[in-house]
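Novice:
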Amino acid sequence: MDSRRSAHDFDAQSPEGFDDAHREFARLRAEHPVARSQDFGGFWAMLGYEELAEVITDISRFTTTSQNAIPKFAFTGVRPPLHLDPPQHTSYRRVINHFFTPPKMRALEPAVRRCVQELIEPLITEGTADVARQYAQKLPAHVFAEFFNLSPETSLEIKTVSGTYVDAIQVLDHETVKSLSGRLYEIAQAIIDERAAGGFTAEDDLTQALLEAEYDGGRLPDAMVLGCVRQLIVTGMVAPSVFIGNMFVHLSRDPELQQHLREHPEDIPGAVEEFVRLYNPYRGMARTARHDTVVGGQQIQEGDPIALVYTAANRDPRMFEDADTFRLHRENITKHISFGRGTHSCPGAPLARMMFRITLEEALSRSSFDLTGDPGMAKWAEWGTNHVPLEFIALGA
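For this note's numbering, add 259 to where a residue sits in the sequence shown, where the first one is 1.
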């Protein structure tokens, strides 16, 4: 066993191009599946698939209650269910899971498709666009307005504030983080107040369902419901914004695959799964060691923060053959951990998959496209694009 606590295997804040992080993580993973960085006060990074899976599934050794992201930025209250372990988190997850069932998703799909069409068609007509800024960063707000029964204005404000909030996290601007988090709490409280005034049912509205949920013979605590709504209105905004552009980059680089999916749209769901494996946007989600332990031969001390680098683990060749290559209908694709696993797996995965699938269906059926410049990249704790300049050629034009 080797503690390696003084090691500094990588810089978490280095500038990156589209391929840089994956090359660096491949090099590191081969040497140290459990890597070490001294950035953000020092943390362990789970780069290997088995090592990461061990951490996220063993809640007896690793907790989300102390620190659930690197860098640490949750200064303003407990936000269920992410900030809680079982059994405390279960009442919230039970309510949330009900809104991501197959029937709920089928009912929502026409609205999601309308959102996609309204955003993508003008870009194709224009012919040139930054698909990250003009589409990927806007779509989640429109979809959230439908899913959460929000006005477009409220949803767009959430998107704007949460985007600036994430930017402040990346540069460790704690005062701005606290201020904007406070604004997000105010928005969440306004949503709750609107529900309390009537007009929504627990069957059709997630916030109303949380307000009516039972807990120990009563209702869920008001502060916890507020924290839960605050968590929900932000978490789904960031990942799609930095992920969707990745698919356009890959398909621009692989015109044969682009044409195949255009001619065989039935293969798009499978392609989405492989894109999610290859280009997962999460590398800063975290757990904390409950006590001294060992993972992958590395000694980890009680209280050590541990980054769950899904971005790296999903390309571990010990799990995925030819792991850096896109393979449609990969035999073990269900093994990817892009949406987590176990207790804190992403409840919104069905909605994310729908957004990604419909995006490709609508873009490919209407156009061909190609990169016109280098993609711009998000910073740790996310991985993905924030700038994707494309040329669209409308089909039949």
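For each residue, glycine too, the CB sits at the ideal point set by N, CA and C. Quantities reported herein were computed from a predicted structural model and do not represent experimental measurements.
Is Phe502 near Phe407, with beta carbons less than 9 Å apart?
Specialist: Counting from one through the sequence shown, the residue named residue 502 turns up at place 243. Counting from one through the sequence shown, the residue named residue 407 turns up at place 148. No; because the gap between Cβ atoms is not below 9 Å, this pair is not in contact.
Novice: Exposed or buried, Leu654, counting other C-beta atoms within 10 Å across all chains shown (16 or more means buried)?
Specialist: Position 395 of the sequence shown, counted from the start, is the residue given in the question as residue 654. With fewer than 16 other Cβ atoms within 10 Å, it is exposed.
Novice: Measure the CB-CB distance between Arg657 and Ala455 and report whether it falls below 9 Å.
Specialist: The question about residue 657 has no answer here: the residues shown for the chain are numbered 260 through 656.
Novice: Can you pull the DSSP bridge partners for Ile417?
Specialist: Residue 417 sits at position 158 when you count from the first residue of the sequence shown. DSSP, once it has assigned bridges, lists no residue as partnering Ile417.
Novice: Looking only at its own chain, which residues have a Cβ that is under 6 Å from the Cβ of Phe585, when we skip the five neighbours before and after it?
Specialist: Locating residue 585 in the sequence shown gives position 326, where the first residue counts as 1. Around Phe585: Glu533.
Novice: Within 10 angstroms of the Cβ of Asp452, are there 16 or more other Cβ atoms? Answer buried if so, exposed if not.
Specialist: Here the question's residue 452 lines up with position 193 in the sequence shown. Exposed, because fewer than 16 other Cβ atoms sit within 10 Å of the Cβ of Asp452.
Novice: Counting only runs that start and end within the segment 379-413, where is the beta strand (DSSP E) found for 3 or more residues in a row?
Specialist: Qualifying beta strand (DSSP E) stretches, in chain order: 387-389.
Novice: Name the residue from Asp463, Glu290 and Gly441 whose alpha carbon lies nearest to the alpha carbon of Lys363.
Specialist: Taking the sequence shown and counting its residues from 1, the one referred to as residue 363 is at position 104. Looking at the Cα atoms, Asp463 is the closest of the given residues.
Novice: What separation, rounded to the nearest whole angstrom, lies between the Cα atoms of Arg442 and Pro340?
Specialist: Against the sequence shown, residue 442 aligns to sequence position 183. Against the sequence shown, residue 340 aligns to sequence position 81. Taking the straight line from one Cα to the other gives about 20 Å.
Novice: Give the secondary structure of Ile329 by DSSP, where H, G and I count as helix, E and B as strand, and everything else as coil.
Specialist: Locating residue 329 in the sequence shown gives position 70, where the first residue counts as 1. Three-state DSSP puts Ile329 in coil, outside helix and strand.
Novice: Taking one C-beta from the segment 497-514 and one from the segment 384-404 each time, how about it: are there three or more such pairs within less than 8 Å?
Specialist: With the cut-off at 8 Å, the segment 497-514 and the segment 384-404 touch.
Novice: So within the segment 615-656, which uninterrupted beta strand (DSSP E) runs reach at least 3 residues, ignoring any that extend past its ends?
Specialist: Runs found: 626-630, 644-646 and 648-653.
Novice: Return yes when the Cβ of Glu416 is within less than 9 Å of the Cβ of Ile379, no when it is not.
Specialist: Position 120 of the sequence shown, counting from 1, holds the residue named residue 379. Position 157 of the sequence shown, counting from 1, holds the residue named residue 416. Not in contact: Ile379 and Glu416 (Cβ atoms no closer than 9 Å).
Novice: Measure the C-alpha to C-alpha separation of Gln467 and Asp426 and round it to an integer number of angstroms.
Specialist: For this step, residue 467 is matched to residue 208 along the sequence shown. For this step, residue 426 is matched to residue 167 along the sequence shown. About 31 Å.
Novice: How would you write the range of the alpha helix (DSSP H) that Pro499 sits in, first residue to last?
Specialist: As a position in the sequence shown, residue 499 is number 240, starting the count at 1. Residues Asp481 to Arg512.
Novice: Mind checking which residues open and close the alpha helix (DSSP H) that includes Gln448?
Specialist: In the sequence shown, counting from the first residue as 1, residue 448 sits at position 189. Residues His433 to Ala455.
Novice: For the segment 275-299, list the alpha helix (DSSP H) runs that are entirely contained and at least 4 residues long, ordered along the chain.
Specialist: If we require 4 residues or more, the alpha helix (DSSP H) runs fully inside the segment 275-299 come out as 279-290.
Novice: What are the uninterrupted segments assigned as beta strand (DSSP E) that are 3 or more residues long and contained completely in the segment 506-590, given in chain order?
Specialist: Runs of the beta strand (DSSP E) inside the segment 506-590: 544-548, 552-554, 557-559 and 564-567.
Novice: Can you give me the C-alpha to C-alpha distance between Thr360 and Pro609, rounded to a whole angstrom?
Specialist: Mapped onto the sequence shown, residue 360 falls at position 101. Mapped onto the sequence shown, residue 609 falls at position 350. Spanning the two alpha carbons is a distance of roughly 8 Å.
Novice: Restricting to Cα atoms, I'd like to know which of Ala449, Gly386 and Tyr424 is closest to Ser438.
Specialist: For this step, residue 438 is matched to residue 179 along the sequence shown. The candidate whose alpha carbon is nearest that of Ser438 is Tyr424.
Novice: For the segment 339-366, list the beta strand (DSSP E) runs that are entirely contained and at least 3 residues long, ordered along the chain.
Specialist: Segments of the beta strand (DSSP E) lying fully in the segment 339-366: there are none.
Novice: Using alpha carbons as the reference points, say which of Val497, Glu412 and Asn327 lies closest to Gln396.
Specialist: To locate residue 396, count along the sequence shown from 1; it is residue 137. That would be Val497, whose Cα lies nearest to the Cα of Gln396.
Novice: Output needed for Leu619: all residues of its chain with C-beta closer than 6 Å, excluding positions within five of it in sequence on either side, in chain order.
Specialist: Your numbering for residue 619 matches position 360 in the sequence shown. Within the same chain, Leu619 has close Cβ partners Ile527.
Novice: Helix, strand or coil for Ala370 per DSSP?
Specialist: Mapped onto the sequence shown, residue 370 falls at position 111. Three-state DSSP puts Ala370 in a helix.
Novice: Assign Thr460 to one of three DSSP states: helix, strand, or coil.
Specialist: Here residue 460 corresponds to residue number 201 of the sequence shown, with the count starting at 1. It is coil, neither helix nor strand.
Novice: Which residues bound the beta strand (DSSP E) around Ala304?
Specialist: As a working mapping, residue 304 is identified with position 45 in the sequence shown. Where Ala304 is concerned, the enclosing beta strand (DSSP E) stretches over Phe302 to Met305.
Novice: If we ignore side chains and look at the alpha-carbon of each, how far apart do Pro540 and Tyr569 end up?
Specialist: The sequence position of residue 540 within the sequence shown is 281, counting from 1. The sequence position of residue 569 within the sequence shown is 310, counting from 1. Taking the straight line joining both Cα atoms gives about 8 Å.
Novice: What's the C-alpha gap between Ala482 and Lys418?
Specialist: Residue numbering aside, residue 482 sits at position 223 when the sequence shown is read from its first letter. Residue numbering aside, residue 418 sits at position 159 when the sequence shown is read from its first letter. Between Ala482 and Lys418, the C-alpha separation is close to 23 Å.
Novice: If you reduce the DSSP assignment to three classes, tell me which class Thr322 lands in.
Specialist: Locating residue 322 in the sequence shown gives position 63, where the first residue counts as 1. In the structure shown, Thr322 sits in a strand (DSSP, three-state: E or B).
Novice: Between the Cα of Arg489 and the Cα atoms of Ser273, Leu465 and Gly476, which residue gives the shortest distance?
Specialist: Numbered from 1 along the sequence shown, position 230 holds the residue referred to as residue 489. Looking at the Cα atoms, Leu465 is the closest of the given residues.
Novice: Given a cut-off of 9 Å on the beta-carbon distance, is the pair Ile315 and Asp344 in contact?
Specialist: Working through the sequence shown from its first residue, we reach residue 315 at position 56. Working through the sequence shown from its first residue, we reach residue 344 at position 85. Contact: no.
Novice: Output needed for Asp298: all residues of its chain with C-beta closer than 7 Å, excluding positions within five of it in sequence on either side, in chain order.
Specialist: Translated into positions along the sequence shown, residue 298 becomes position 39. Hits under 7 Å: Asp270, Ala271 and Gln272.
Novice: Can you tell me whether Ala312 is buried or exposed? The criterion is at least 16 other CB atoms within 10 Å of its CB, across all chains shown.
Specialist: Counting from one through the sequence shown, the residue named residue 312 turns up at place 53. Result: buried.
Novice: Between Ile355 and Leu516, is the Cβ-Cβ spacing less than 9 Å?
Specialist: Along the sequence shown, read from residue 1 onward, the residue named residue 355 stands at position 96. Along the sequence shown, read from residue 1 onward, the residue named residue 516 stands at position 257. Result no, Cβ atoms of Ile355 and Leu516 do not sit closer than 9 Å.
Novice: Closest to Glu471 by C-alpha separation, out of Phe321, Tyr351 and Ala294, would be which residue?
Specialist: Translated into the one-based positions of the sequence shown, residue 471 becomes position 212. The option with the nearest alpha carbon to Glu471 is Tyr351.
Novice: Please say whether Ile559 and Ala545 have beta carbons closer to each other than 9 Å?
Specialist: If you number the sequence shown from 1, residue 545 lands on position 286. If you number the sequence shown from 1, residue 559 lands on position 300. No, they are not a contact pair.
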